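To start, the structure itself, in structure tokens.
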Amino acid sequence: MMPGGIAGAVIVGNWKCNGSNLKLRRWADEFDPAGAQVVLCVPHPYITEAVRQLAGRAEVGCQDVSAAHGGAHTGQTSAAMAADCGCGYTIVGHSECRAAGQTDAQVAARLERAAQAGLRPILCVGETLAQREAGRAEQTVKKQLGAVASVLAGCPATLIAYEPVWAIGTGRNATAQDAQKMAKMVRRTVSKLPEGSKIAVLYGGSANSGNAAEFLAQEAIGGLLVGGASLDAGEFSTVCALSVRSLPLQ
Ligand code: PGA
Numbered sequence: 184m185m186p187g188g189i190a191g192a193v194i195v196g197n198w199k200c201n202g203s204n205l206k207l208r209r210w211a212d213e214f215d216p217a218g219a220q221v222v223l224c225v226p227h228p229y230i231t232e233a234v235r236q237l238a239g240r241a242e243v244g245c246q247d248v249s250a251a252h253g254g255a256h257t258g259q260t261s262a263a264m265a266a267d268c269g270c271g272y273t274i275v276g277h278s279e280c281r282a283a284g285q286t287d288a289q290v291a292a293r294l295e296r297a298a299q300a301g302l303r304p305i306l307c308v309g310e311t312l313a314q315r316e317a318g319r320a321e322q323t324v325k326k327q328l329g330a331v332a333s334v335l336a337g338c339p340a341t342l343i344a345y346e347p348v349w350a351i352g353t354g355r356n357a358t359a360q361d362a363q364k365m366a367k368m369v370r371r372t373v374s375k376l377p378e379g380s381k382i383a384v385l386y387g388g389s390a391n392s393g394n395a396a397e398f399l400a401q402e403a404i405g406g407l408l409v410g411g412a413s414l415d416a417g418e419f420s421t422v423c424a425l426s427v428r429s430l431p432l433q
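So the number in my numbering is just where the residue sits in the sequence shown, counting from 1, plus 183.
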């Protein structure tokens, strides 16, 4: 068991706003989970096809859900709808959504909607380069966690992805030691919540087959959130295979 109480590492792919039905089918033909615990987060229109293509090999997640239960919110998808289409997970509070204006309060509402709909949330937290350079990385992440603490207390199945914003899509990953330090701090912070010690922490930010093993060897890191490298089925399958081999000895 990983320290988070999760059996094995979790490898989450995040396609962001990429893909097509054709790409999904070709990707699924090539993808080999290698026995890893895998979640692929696809754009909303591809959820149903991804569930069909990946049945028995990976769970499917979406990348965001509405803060509302439903109703007059044009263009939004509720957590219940995502669950109805077969999603088991949703990313919440990704830095790209936060940069587009999602506030801490809106992230908390999404987390709550996701849990109410039976989706397992993958909550993203992380500091910007300016915040890290100002020595405020820990403080920033603690504030993001503090803003959702009351909701998190009711969602012990949540996965938290530590994703330094400066490492996302830049090819510049955090060092395994820095990621481990931040993951430990996240674990310490959430362990104060009821059942918080069950929450596993993932690392995200330019993770790929070249650096996955090093991150996964860190005892506080229970998996990876993989963006760009998840678009290539072969590359992503290699990350999955590494996750099975890289579990720290307990
Ligand atoms: P990246 O994205 O792996 O392309 O850096 C990670 C993410 O945004 O989840």
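Every residue gets a Cβ at the ideal spot worked out from N, C-alpha and C, and that includes glycine.
Model, not experiment: these values are computed from the prediction.
{"Query": "I think Gly276 touches Ala263, with their Cβ atoms under 8 Å apart; what is that distance to the nearest whole Å?", "Result": "Contact flag wrong, Cβ pair sits at about 19 Å."}
{"Query": "Determine the DSSP secondary structure at Val195, reduced to helix, strand or coil.", "Result": "strand"}
{"Query": "Got a sec, what are the start and stop residues for the alpha helix (DSSP H) Cys270 sits in?", "Result": "Here Cys270 belongs to no alpha helix (DSSP H), and DSSP marks it neither H nor E."}
{"Query": "Which class does Glu402 belong to by DSSP, given the choice of helix, strand or coil?", "Result": "coil"}
{"Query": "Smallest Cα separation from Cys307: which of Ile230, Gln314, Ile351 and Ala217?", "Result": "Ile351"}
{"Query": "Given the structure, does Val409 come close to the ligand PGA, in the sense that its CB is under 6 Å from one of the ligand's heavy atoms?", "Result": "yes"}
{"Query": "Counting along the chain, where does the beta strand (DSSP E) carrying Ala383 start and finish?", "Result": "Ala383 to Gly387"}
{"Query": "Considering Arg315, what are the terminal residues of the alpha helix (DSSP H) in which it resides?", "Result": "Leu312 to Glu316"}
{"Query": "Could you check which residue in Ser380, Gln360, Leu385 and Cys280 has the C-alpha nearest to that of Gly337?", "Result": "Ser380"}
{"Query": "Would you kindly report the start and end of the unbroken alpha helix (DSSP H) that includes Gln259?", "Result": "Counting along the chain, Gln259 falls outside any alpha helix (DSSP H), and DSSP gives it neither H nor E."}
{"Query": "Whole angstroms are fine: how far does the CA of Gln289 sit from the CA of Asn201?", "Result": "24 Å"}
{"Query": "Looking at the unbroken beta strand (DSSP E) that takes in Gln220, where does it start and where does it end?", "Result": "Gln220 to Cys224"}
{"Query": "Would you mind sorting Asp247 into buried or exposed? The rule is 16 or more other CB atoms within 10 Å of its CB.", "Result": "buried"}
{"Query": "Express the C-alpha separation of Ser413 and Lys199 in angstroms, rounding to a whole number.", "Result": "10 Å"}
{"Query": "In the DSSP assignment, find the alpha helix (DSSP H) that holds Arg355 and state where it starts and stops.", "Result": "Element bounds for Arg355: n/a, residue is neither H nor E."}
{"Query": "Decide if Glu295 is buried, meaning its Cβ has at least 16 other Cβ atoms within 10 Å, or exposed.", "Result": "buried"}
{"Query": "Can you tell me which of the three DSSP states Cys423 falls into?", "Result": "helix"}
{"Query": "Measure the beta-carbon distance from Ala366 to Tyr386 and round it to whole angstroms, keeping in mind my assumption that it falls under 8 Å.", "Result": "7 Å"}
{"Query": "Can you check which of these residues, Ile194, Arg315 and Lys206, is closest to Arg240 by C-alpha distance?", "Result": "Ile194"}
{"Query": "Output the distance between the C-alpha atoms of Trp210 and Ala251, rounded to the nearest integer angstrom.", "Result": "33 Å"}
{"Query": "Just reading off the beta strand (DSSP E) that Val243 is part of, what are its end residues?", "Result": "Glu242 to Cys245"}
{"Query": "Alpha carbon to alpha carbon, how far is Ile390 from Ser278?", "Result": "A small correction: the amino acid at residue 390 is Ala; Ile does not occupy that position in the sequence shown. Taking the straight line from one Cα to the other gives about 16 Å."}
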